[in-house]
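82 is the number that full-length UniProt numbering gives to position 82 of the sequence shown; each next residue is one higher, with no gaps. The beta-carbon is built from N, C-alpha and C at its ideal position, and this holds for glycine as well. Remember, it's a predicted structure, so these values are computed and weren't measured experimentally.
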Amino acid sequence: MILRNIRKLFDPSKHSLAFSTSAEGNFLPKSVYISESNDIFVNLAFEDWLYQNYDFSKQQILLLWRNKQTVVIGRHQNPWLEMNVKLAQDSNALIARRNSGGGAVYHDMENLNLSFFTSKKLYDRKYNLEIITNSIENEWRLNCVINDREDITLDNKKISGTASKLSKTNAYHHCTLLVDCNKKTMSAMLGSKDPNIITNATRSVPSIVINLRELNPSVNVDRLMTVVGLGYLNTKPFRKSDAENIINEPRGFLFISPEEKYFPGLQKKIEQFKSWKWIFGRTPKFKTEFSFNTAQFCSASDIMRVHVEVEHAEIQNIDVEVPPSFLVFVTSESMNFVTAPYLKQKFSTNLAAQLEETLVNYFKSKLEDQRLNSVLY
Numbered sequence: 001m002i003l004r005n006i007r008k009l010f011d012p013s014k015h016s017l018a019f020s021t022s023a024e025g026n027f028l029p030k031s032v033y034i035s036e037s038n039d040i041f042v043n044l045a046f047e048d049w050l051y052q053n054y055d056f057s058k059q060q061i062l063l064l065w066r067n068k069q070t071v072v073i074g075r076h077q078n079p080w081l082e083m084n085v086k087l088a089q090d091s092n093a094l095i096a097r098r099n100s101g102g103g104a105v106y107h108d109m110e111n112l113n114l115s116f117f118t119s120k121k122l123y124d125r126k127y128n129l130e131i132i133t134n135s136i137e138n139e140w141r142l143n144c145v146i147n148d149r150e151d152i153t154l155d156n157k158k159i160s161g162t163a164s165k166l167s168k169t170n171a172y173h174h175c176t177l178l179v180d181c182n183k184k185t186m187s188a189m190l191g192s193k194d195p196n197i198i199t200n201a202t203r204s205v206p207s208i209v210i211n212l213r214e215l216n217p218s219v220n221v222d223r224l225m226t227v228v229g230l231g232y233l234n235t236k237p238f239r240k241s242d243a244e245n246i247i248n249e250p251r252g253f254l255f256i257s258p259e260e261k262y263f264p265g266l267q268k269k270i271e272q273f274k275s276w277k278w279i280f281g282r283t284p285k286f287k288t289e290f291s292f293n294t295a296q297f298c299s300a301s302d303i304m305r306v307h308v309e310v311e312h313a314e315i316q317n318i319d320v321e322v323p324p325s326f327l328v329f330v331t332s333e334s335m336n337f338v339t340a341p342y343l344k345q346k347f348s349t350n351l352a353a354q355l356e357e358t359l360v361n362y363f364k365s366k367l368e369d370q371r372l373n374s375v376l377y
């Protein structure tokens with residue numbers, strides 16, 4: 001069976017069937033939603049919309065989704081510490097911040113994302129991961145292992161990372177599956193991080209990864225969605241003792257177009273996830289520093305250090321550590337004057353080069369004035 005043979009398009013007139021919020025007796029509706037969008041901001045917004053608006057004590061959903069080239073960081077992470085921001089921007093890859101915690105991941109169309117929605121009471125990450133591993137093993141005879149970090153591994157190499165979000169009533173657990181992801185691009189995007197950042201932000205744990213297709217060339221994303229989706233629908237809904245009497249009621253596969261006309265308020269969420277304020281402005285407070293040699297503007301070779309404090313991805317303070325030999329014509333007030341234009345500006349990977357150029361030009365000017373004065377007087 002392949003997805004096109006079980007496709008059901010979303011029809012607003014059948015809202016009660018596709019999106020039932022009530023269960024009859026002990027029946028619990030279960031559905032697999034497949035997003036027709038490949039836009040990370042739309043998919044993150046739709047995931048959040050479901051989380052905020054559905055009553056998952058009366059139904060369960062597995063959302064399957066894919067994105068075009070994107071780096072997604074966790075809610076509490078620093079993008080400049082987790083990825084090569086400049087490379088992503090130069091490559092027209094998207095940068096996104098999700099609502100859940102965890103580490104940075106790279107997405108492309110050969111990476112499948114899965115979001116399991118339940119009530120908080122019935123949240124069980126291990127149960128969800130076992131649906132995935134059992135489905136893969138049954139279809140392709142690949143022996144997947146769930147490790148202590150709740151990653152899925154093959155031959156001790158990671159094929160899936162996991163994260164989650166819980167409220168008082170609802171929960172979702174989402175994870176990735178590497179099918180045939182471009183590992184070279186992934187390595188480049190998640191590499192070349194700024195080593196001089198000091199922060200308490202959540203750090204990603206590096207892992208050796210592998211694609212499913214490297215171990216079985218017959219694996220493809222469409223078949224994987226079908227296999228895992230059927231595994232989800234055909235698995236008993238819970239293993240927990242307080243849910244033993246609930247009977248699974250499969251609702252099938254539903255292709256969904258995440259649009260405002262079907263999901264009121266979705267567009268506002270999309271704009272939030274796309275905003276600079278969310279992607280970069282939510283970065284936890286951090287400090288960074290860099291240094292350069294004074295030989296660029298004078299005969300004396302010494303080191304000048306610059307310390308920068310950043311909050312909400314905006315520059316809050318800059319301290320310049322000037323070598324003693326320069327203190328004769330530099331004051332803290334003059335340094336503040338030179339660096340003032342950078343304050344409250346958005347932090348970027350170009351900051352060090354820009355500040356260095358500004359300071360070098362300033363000191364060249366001061367030294368030239370000093371030489372001129374010595375000639376005149």
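- With distances taken between CA atoms, ILE198 lies nearest to GLU82 out of GLU82, LEU367, ILE61.
- Counting only unbroken stretches of 3 or more residues, the beta strand (DSSP E) elements lying wholly within the stretch 170 to 234 are 170 to 178, 197 to 199, in sequence order.
- Per DSSP, reduced to three states, the secondary structure at GLU368 is helical.
- Secondary structure of SER115 (DSSP, three-state): strand.
- The criterion of a C-beta distance shorter than 9 Å is satisfied by LYS346 and PHE280.
- For ASP319, the enclosing beta strand (DSSP E) begins and ends at 314 to 321.
- The criterion of a C-beta distance shorter than 9 Å is not satisfied by PRO79 and ILE61.
- If one requires a minimum length of 3 residues, the beta strand (DSSP E) runs lying completely within the stretch 270 to 353 are 286 to 293, 303 to 311, 314 to 321, in chain order.
- According to the DSSP secondary-structure assignment, THR162 is paired through a beta bridge with CYS175.
- Taking the CA atoms as reference points, LYS168 sits about 55 Å from VAL360.
- When DSSP states are grouped into helix, strand and coil, TYR262 belongs to the coil group.
- For TRP65, the number of other beta carbons within 10 angstroms of its own is at least 16, and it is reported as buried.
- Burial check for ASP39: the Cβ neighbour count within 10 Å reaches 16 or more, so the residue is buried.
- Our two residues, VAL71 and MET225, have alpha carbons roughly 22 Å apart in a direct line.
- Around the C-beta of LEU327, fewer than 16 other C-beta atoms lie within 10 Å, and the residue is accordingly described as exposed.
- Ranked by how close their Cα comes to the Cα of LYS120, the residues VAL145, ASN92, LYS165, ILE152 have LYS165 in first place.
- ALA163 sits close to HIS174, with the two beta carbons spaced by under 9 Å.
- Between ILE270 and PHE117, the gap from beta carbon to beta carbon reaches 9 Å or more.
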